[in-house]
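>
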Amino acid sequence: MIDSHAHLSHASFGESREPLLARAREAGLEAIVNICTTPEELEIGLELAKRYPWIYNVGSTTPHDAQKNGALHFEAFAAHARAGDLVAVGETGLDYHYFPETAEVQKEWLRRYFALALECHLPVVIHCREAFDDFFDELDKHFSGKGVLHCFTGTFAEAESVIERGWYLSLSGIVTFKKSEELRRVAARVPENRLLIETDTPYLAPTPYRGRPNEPAYLLEIAKCVAEVRGVSLEALQRVTSANACEFFSLNR
Ligand SMILES: [Zn+2]
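Going by the working numbering, the sequence shown opens with residue -6, and the numbers climb by one from there.
(1) In its own chain, which residues sit with a C-beta less than 8 Å from the C-beta of Y91, not counting the 5 before and 5 after it?
(2) State whether the region 102 to 110 contacts the region 146 to 155, with contact taken as three or more CB pairs (one from each stretch) at a distance under 8 Å.
(3) Restricting to Cα atoms, I'd like to know which of A17, S(-3), G21, H0 is closest to L227.
(4) Can you find a heavy atom of ligand 1 that lies under 7 Å from the Cβ of I215?
(5) Is D88 near ligand 1, judged by its Cβ being under 7 Å from some heavy atom?
(6) With the cut-off set at 8 Å, would you say A238 and S53 are in Cβ contact?
(7) Just the C-alpha distance for R44 and N50, rounded to the nearest angstrom, thanks.
(8) Use the C-beta contact count for E214: other C-beta atoms within 10 angstroms, 16 or more gives buried, fewer gives exposed.
(9) Quick check: the region 6 to 23 against the region 70 to 84, are there 3 or more CB pairs under 8 Å?
(10) T169 by DSSP, collapsed to three states: which one?
(11) Using DSSP's beta-bridge definition, name the partner residues of I(-5).
(12) Can you name the start and end residues of the beta strand (DSSP E) that A81 belongs to?
Here it is as structure tokens:
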């Protein structure tokens, strides 16, 4: 299995990072895609990748920090993207749930990161919450590469718009929550070759770990849930999502 989205550089880990990585390997994780949201997190990620060649880094400012850090951090992320240190650009995107007032600034940085990804021939990892209309508008105008909607929680119609564009959907622990019936309907119908799974560690631990800090080992619970709603074996789901992650991020396993 491959965790397509975890924040391993998160400040909350510190000394607990090593045992967490050991548990991930025991749970069958063959790779983890580490999402770095500041240049400092990326420095930690690059160190991790040196020691553990199965950890890969992705970086950009998040939409939440676009106002505060957009200009401050862009050049550092751009330099690492150009140096070949990243397997994707992200997580960039739009979040109108928490920060509707910074919509224009979020769009501005989304466009800058789209341009960077095109320049470096990298895919993009997108965070989009309550902003799908504006997101697709920006995407259609400014980006021709491939991307993934991470931690997808949109409607079935929104999922179809993602698939139509040849993009990927990544499902997180939210799919295991009792109330996520529509998301499980999406999970059942996403074309096999467009599906990724992720933990979004340390956020959003799946059932039965809900409320605790999340970790990549819990990806197994997400894989089990998605396999069940799709009516396939756990092994088949693991194999397909792993192959998709390798293809999407161009991982050399
Ligand atoms: Zn994330």
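Ideal placement from N, C-alpha and C gives every residue a C-beta, glycine not left out.
In short, the structure shows the following:
(1) Position 98 of the sequence shown, counted from the first residue, corresponds to residue 91. Hits under 8 Å: H57, R122.
(2) As far as the Cβ criterion goes, the region 102 to 110 does not touch the region 146 to 155, which means the pair count is below three.
(3) Walking along the sequence shown from the start, residue 227 turns up at place 234. Among A17, S(-3), G21, H0, the Cα nearest to that of L227 is on G21.
(4) Residue mapping note: residue 215 aligns to position 222 of the sequence shown, counting from 1. Every heavy atom of ligand 1 is 7 Å or more from the Cβ of I215, so no.
(5) In the sequence shown, counting from the first residue as 1, residue 88 sits at position 95. Look at D88: its beta carbon is at least 7 Å from all of the heavy atoms in ligand 1.
(6) To locate residue 238, count along the sequence shown from 1; it is residue 245. To locate residue 53, count along the sequence shown from 1; it is residue 60. Between A238 and S53, the C-beta spacing is not below 8 Å.
(7) Sequence index remark: in the sequence shown, residue 44 carries index 51 (1-based). Sequence index remark: in the sequence shown, residue 50 carries index 57 (1-based). Computed Cα separation, rounded: 13 Å.
(8) Numbered from 1 along the sequence shown, position 221 holds the residue referred to as residue 214. The residue is buried, with at least 16 neighbouring Cβ atoms inside 10 Å.
(9) Note that the region 6 to 23 does not touch the region 70 to 84; fewer than 3 beta-carbon pairs, one per stretch, sit closer than 8 Å.
(10) Residue mapping note: residue 169 aligns to position 176 of the sequence shown, counting from 1. Residue state, collapsed to three classes: helix.
(11) Within the sequence shown, the letter at position 2 stands for residue -5. For I(-5), which the question treats as bridged, DSSP gives the partners A24.
(12) Working through the sequence shown from its first residue, we reach residue 81 at position 88. Annotation for A81: the continuous beta strand (DSSP E) segment containing it runs 81 to 88.
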